[in-house]
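Each remark here refers to the structure printed beneath this line.
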Amino acid sequence: LRENTPVRFDEDRNSWDVFRYEDVHRILKDPAAFSSRRGLEVRGETLLTMDQPKHTHMRNLVNKAFTPKAINDLAPRISSITNELLDQVIQSGKMDVVHDLATPLPVIVIAELLGVPAKDRMLFKEWSDTMVKGVEGSSDEAFAQMVAERDKAEKELSAYFLAILNERRKQPEDDLVSALLQAEIDGEKLQEQEILRFCILLLVAGNETTTNLITNAVRLLTEQPAIQNQVRQNPELVKTTVEETLRFYPPIVAIGRMTTQDVEIGGQLIREGQQVVSWVGAANRDPEKFEDPDTFLPDRKPNPHMGFGFGIHFCLGAPLARLEAQIALEIMLSRMDDLSFAKTTLTPIPSPFVFGVKSYPIT
Ligand code: HEM
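Written as structure tokens, this is what we have:
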């Protein structure tokens, strides 16, 4: 597709598809022509669906709370959570990467970052799982049920966060919610509803994606044992291995936009008001940009993949996701002698925009 129809219109989905690195890059770099408002903002807009100048203002405010230092300070805690999770399974000689490590780790980390007390963690996990749950089956009833469950979880989560917000307002603590309440630019603070929506966005945008990054990295190391050995012998390669996973097996393979004007991309005229899907998964393997694109190189440098997007909406959680994946891999490799796939049938996550599996047993 990238070679023969790099920019094409899909009649069934009523949407344009873009596959080449250069074209995807151009789209993500031009938020004025390619808007993030895609008519999906029924439940109120979030950072992800805002355009400039509102996006810039909101992003600057949340950046004040979501600083690289705040994230780096989490490293020791991420290590101990990873070790605790592995303690529970390592004796048995087998584990399911998705279930035993890659799902609970990001949920626990974000819960702690947001200031959710440990006693509420299970409740919190159930709500977060429901928020990102796909549809079971393809019927209209199944879809309606999923939407109803999500709405219920979102309402309950909002009420729960509101209580935390009120507590932190009275007595600030060293957590993200307190920092968000205090963040201020030119005397302007975030509104209560904005903070609530932002907290929910963090769960929706951050949990399943990080789960898939950790699982996809382990998957690659089991598929290519020579690379696993290379990384074991050179632990400093863990960082670049995580980056190469984001290029080779990106958890998010496509990013949507809507045109605000007529634009030409790859020789095709796209009219105003049309949906455009940028296929990051294809762009990340574009031979015009990456040498030997279908080879996984654990030491690939530079690696300008677009696994976290590009431009003004570049993933806010990238430093956190990278840190969690690096620590998870380092600890797995140091505590487990040989990671190998316990061959079973793999079930993909049922979304065309996500690359991941529901379960990944290893021995
Ligand atoms: C945005 C991917 C983890 C929070 C994005 C975008 C991508 C992405 C591709 C850009 C979307 C667009 O341009 O429309 C990923 C991947 C992750 C990950 C692959 C894990 C490997 C996280 C985490 C958090 C997070 C851990 C937070 C805890 C966000 C937010 C945005 C975003 C808030 C919106 C930023 C904006 O619009 O300015 N992410 N993400 N993500 N991500 Fe992530």
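First residue of the sequence shown? That's 16 in the numbering used here, and the numbers climb one at a time after it.
For glycine and all other residues, C-beta sits at the position ideal for the given N, C-alpha and C.
This structure is a prediction, so every number in the text was calculated from the model and none was measured.
Per DSSP, cross-strand counterpart(s) of residue i
i, result
"D32", "R23, V292"
"K204", "E199"
"F49", "T274"
"L284", "E279"
"D111", "P376"
"A269", "W294"
"F139", "According to DSSP, which records beta bridges pairwise, F139 is partnered with nothing at all."
"F356", "I377"
"V219", "Answer by DSSP bridge pairing: none, since V219 is not bridged."
"P363", "V372"
Whole-number beta carbon distance between residue j and residue i, since they are thought to touch under 8 Å
i, j, result
"L43", "G324", "6 Å"
"I342", "T97", "6 Å"
"T226", "T118", "5 Å"
"M146", "E127", "At roughly 18 Å, the Cβ-Cβ gap does not stay under 8 Å, so M146 and E127 are not in contact."
"L228", "P266", "5 Å"
"M67", "P83", "The amino acid occupying residue 67 in the given sequence is Gln; Met does not appear at that position. Going by Cβ atoms, the distance from Q67 to P83 rounds to 23 Å, so no, they are not a contact pair."
"V295", "V39", "6 Å"
"A220", "G332", "7 Å"
"N222", "P121", "5 Å"
"V233", "M347", "7 Å"
"T61", "F213", "7 Å"
Beta-carbon contacts of residue i that lie in its chain and below 6 Å, excluding the five residues immediately before and after
i, result
"N231", "T260, Y264"
"L335", "I86"
"P21", "F34, R35, G281"
"F24", "W31"
"C330", "F323, G324"
"A297", "R17, F34"
"L191", "A80, L128, L129"
"I364", "G371"
"D277", "R286, E287"
"V246", "L252, T256, P313"
"G271", "R53, V292"
"F139", "A126, V131"
Other residues of its chain near residue i: CB distance less than 8 Å, five sequence neighbours each side excluded
i, result
"T274", "A48, F49, S50, I285, R286, E287, G288, Q289, V291"
"T237", "Q243, L354, S355, F356, I377"
"S173", "L211, I215"
"E207", "L177, L180"
"M65", "S51, R52, M73"
"T362", "V372, K373, S374"
"P187", "S193, L196, Q197"
"R165", "T145, M146, K148"
"K109", "A357, P376, I377, T378"
"R41", "I280"
"A340", "T225, L228, I229, A232, V257, T260"
"K316", "T255"
"R183", "G130, D190, V192, S193, L196"
"K304", "Y36, E37, A298, P319"
Close-in-space but distant-in-sequence residues of the same chain around residue i (CB under 7 Å, 5 per side omitted)
i, result
"E345", "P250, V253"
"R337", "V257"
"P308", "R300, D301, P302"
"T359", "P376"
"D314", "L252, T255"
"R350", "L101, I105"
"I3", "Residue 3 lies beyond the range of the chain shown here (16 to 378); nothing can be said about it."
"Q239", "F311"
"L380", "For residue 380 there is no data in the structure shown, the boundaries of the chain being 16 and 378."
"L205", "L76, L195, A198"
"W142", "A168, E171, L172"
Neighbour flag for residue i against chain D, beta carbons, 8 Å
i, result
"A48", "Absent from the structure: chain D. Only one protein chain is present."
Cβ contact check for the segment 260–267 and the segment 318–334: 3 or more pairs under 8 Å: A contact exists between the segment 260–267 and the segment 318–334.
The segment 105–113 contacting the segment 88–97, beta-carbon criterion three pairs below 8 Å: No, because fewer than three Cβ pairs between the segment 105–113 and the segment 88–97 fall closer than 8 Å, the two stretches do not touch.
Stretch-stretch touch, CB-based, cutoff 8 Å, three pairs: the segment 365–374 with the segment 154–171: Verdict: no, contact absent.
Contiguous alpha helix (DSSP H) assignments of at least 4 residues, all confined to the segment 301–352: Those alpha helix (DSSP H) runs which fall completely within the segment 301–352 and span 4+ residues are 333–350.
Completely contained alpha helix (DSSP H) runs for the segment 232–258, where each covers 4 or more residues: Correct list: 240–248.
Given 8 Å, three or more beta-carbon pairs between the segment 120–137 and the segment 179–198: Look at the beta carbons and you see the segment 120–137 touching the segment 179–198: at least three pairs across the two are nearer than 8 Å.
Validate contact between the segment 68–87 and the segment 190–201 using beta carbons, cut 8 Å, 3 pairs: Cβ pair count under 8 Å is three or more, so yes.
Whole alpha helix (DSSP H) elements within the segment 68–130, 4-residue minimum: The qualifying runs are 69–80, 83–87, 90–105, 119–129.
Ordered list of alpha helix (DSSP H) runs contained in the segment 163–201, each at least 4 residues: For the segment 163–201, whole alpha helix (DSSP H) runs of length 4 or above, ordered along the chain, are 191–197.
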